[in-house]
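In order, the protein sequences belong to chains A and B. Start counting the first sequence at 584; every next residue gets the next number (our numbering). Start counting the second sequence at 846; every next residue gets the next number (our numbering). One structure is given below, encoded as structure tokens.
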Amino acid sequence: MPDLAVVPGAPAGFLFPQRSDSAMERWMEQPVSEPTLARQELVRLLRDVAGGDRTALRSIYDRTSAKLYGICLRLTGSEEDAADALQDVYLTVWNKAGRYEEGRASPITWLALIARSRAIDLLRRRKATPDPIEAALDIPDEHPDALTLVSAGQDRARLQHCLGTLDDRGQQMIRAAFLDGQSYPQLAAREGVPLPTMKSWIRRALQRLKGCLES
Amino acid sequence: MTTDEPPILPDDDWRAAEYALGLLDGAEAEDAAVRAAQDPLFAAEVQRWRLRLAPLLEEIAEAAVPPALWPRIAASLGGAAPAASAAARASNDNHSGDRRLAFYRRWSIGATAVAAALGLFLLLDPRAQPIAPMPVTPAEPAAEAPMVAAMAAKGSDARLVATWEPGARSLTVAAAGDMPNDGKHSHELWFIVTGAKPRSLGVMPLTGRMHAQLAAEIAAALKQGTVLAVSVEPVGGSPTGQPTGPVVASGALLPT
């Protein structure tokens, strides 16, 4: 507790911090217990799964399946496919939990990306035509509250900022690809443009996005 | 629009981004998958792009999982090696010294999957109020069932437990151990509905124990997933109506 000072006479074990910066700032800098503990718990459970502990996998399932199923459902657009994809997700977790590296991504990000990949794999296998682009046009919260920032850190704010520097079309295409699993040919057909045009639109948007995120 | 566009990336560099976004299909997607499996640099670039865009996934709301799914998954795992399970148990034992986690687990174990997921994901996405009926477990807690919030925070020794009985609109808070009293500060209790500003539930008595019967309007906001938090404020409470001092403990309401 580097920034907590002992108050003379204060009972041991529970000390008044001397700084009184904005509570919200501190909240953002120092995650509150819930996300931190939930994250630590998931990291620990992933380690246990890597050691072959089925109960730990069930615990991860209990904590994350509703979210990961939501991702599978959004991408596949079908409950049956989403269920199949979700089964693949937890099989992947069972087999690859040992490959999770805490320093590279939060456990829930890692899991969410697995869900997205499995759902896209399934989409491509099915060759299904997903729902129209409307779903991709959900405008994200412009002003995420402090608790959102706690969990997502700067990443989300930065991504939103940088997406905001793209033109509308570039944003929509990137979101349609990432959130709805739309491929180049699907996007080109939907927008009624030749494939090379779509590739050029998206590459330009990605290039600008990368430049912004890395600046 | 900037005038100085970055130089166009070599064609090869696009492959990782395009594969990461899921833009490729057919043979192109398969080629990229093979390459990702064989070429660590390519795989790393793919993962970098996925991580860049991963925050978008927070926008996707939870959905009710078909209850029959877990048995299907469990059946597909195959037999776990007993040795591995023993290792995992030993690993669990190693963690038993982590009192903070143990404290948390006491309250979260036995909570439904919904509760655990809510604690985690409502914080991730303020818009993800589950629209669907509560997912995963059939044993959905009744609206009137009591709930508990275990409050703690990184860098703080404060531990408090709040018990909320919606039927009686009764909120009881108890600190584990002594609450400090330096005569210059108070502890104030707040509740935070995801997506909204914190609202005060009042200044806590010096004993660290508190009982209140809440107004119906406030009671309606104290639901599963609502976060309770304790901040350090000037004596008498925050002068601004919002937390001004550090948050020394917080936790979400979960079913018991």
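Positions of the beta carbon are idealized from the N, C-alpha and C atoms, including for glycine. Fair warning: this is a prediction, and the values are worked out from it, not measured in the lab.
By the C-beta criterion, the segment 1066-1075 of chain B is judged to be in contact with the segment 1017-1035 of chain B, since at least 3 inter-stretch pairs fall below 8 Å.
Close partners of PRO768 of chain A in chain B (Cβ separation under 8 Å): ASP870.
At least one CB of chain B lies nearer than 8 Å to the CB of ALA688 of chain A. Secondary structure at LEU746 of chain A: helix, using DSSP grouped into helix, strand and coil. Proximity of chain A to PRO885 of chain B at the Cβ level (cut-off 7 Å) is not reached, the minimal Cβ distance being about 13 Å.
Within chain B, the C-beta atoms nearer than 7 Å to that of ARG758 of chain A come from LEU901, in chain order. In terms of CA proximity to ALA1097 of chain B, B:TRP1009 leads the group B:TRP1009, B:TRP894 and B:LEU866. Looking only at B:ALA874, B:GLY867, B:ASP884 and B:PRO1091, the smallest Cα-Cα distance to GLY1000 of chain B is reached by B:PRO1091. Within chain B, no residue has its CB atom less than 9 Å from the CB of ASP751 of chain A, the nearest being about 13 Å off. For GLN769 of chain A, the number of other beta carbons within 10 angstroms of its own is at least 16, and it is reported as buried. Here the alpha carbons of TRP859 of chain B and MET781 of chain A stand approximately 14 Å from one another. The C-beta of SER1045 of chain B comes no closer than 8 Å to any C-beta of chain A. Relative to MET756 of chain A, the option among A:ARG773, A:ALA740, A:LEU656 and A:ARG641 whose CA is nearest is A:ARG773.
In the structure shown, the three-state DSSP call for SER921 of chain B is helix. Annotated three-state conformation of ALA913 of chain B is coil, per DSSP. Linking LEU620 of chain A to ASP1002 of chain B through their CA atoms gives a straight-line distance of about 14 Å. Per DSSP, GLY1047 of chain B lies in no alpha helix (DSSP H) segment; the continuous beta strand (DSSP E) that holds it begins and ends at 1044-1048. When 9 Å is used as the limit between beta carbons, GLY775 of chain A is near no residue of chain B, the shortest such separation being about 18 Å. Taking the C-beta atoms as reference points, LEU902 of chain B is found no nearer than 8 Å to ALA788 of chain A.
Restricting attention to B:LYS1029, B:ALA994, B:GLY1086 and B:VAL1080, the CA atom closest to the CA of LYS1068 of chain B is found in B:ALA994. Here SER689 of chain A carries a coil assignment [DSSP, helix/strand/coil]. Cβ-Cβ distances below 7 Å link VAL1038 of chain B to ALA1066 and THR1071 in the same chain, with the five nearest sequence neighbours on each side left out; the list follows chain order. Cα atoms of GLY775 of chain A and GLU907 of chain B: separation of roughly 33 Å, rounded to the nearest angstrom. In terms of beta-carbon proximity, LEU669 of chain A lines the interface with chain B, with at least one pair separated by less than 8 Å.
In the DSSP assignment, the residues bridged to THR1017 of chain B are B:THR1008 and B:HIS1056.
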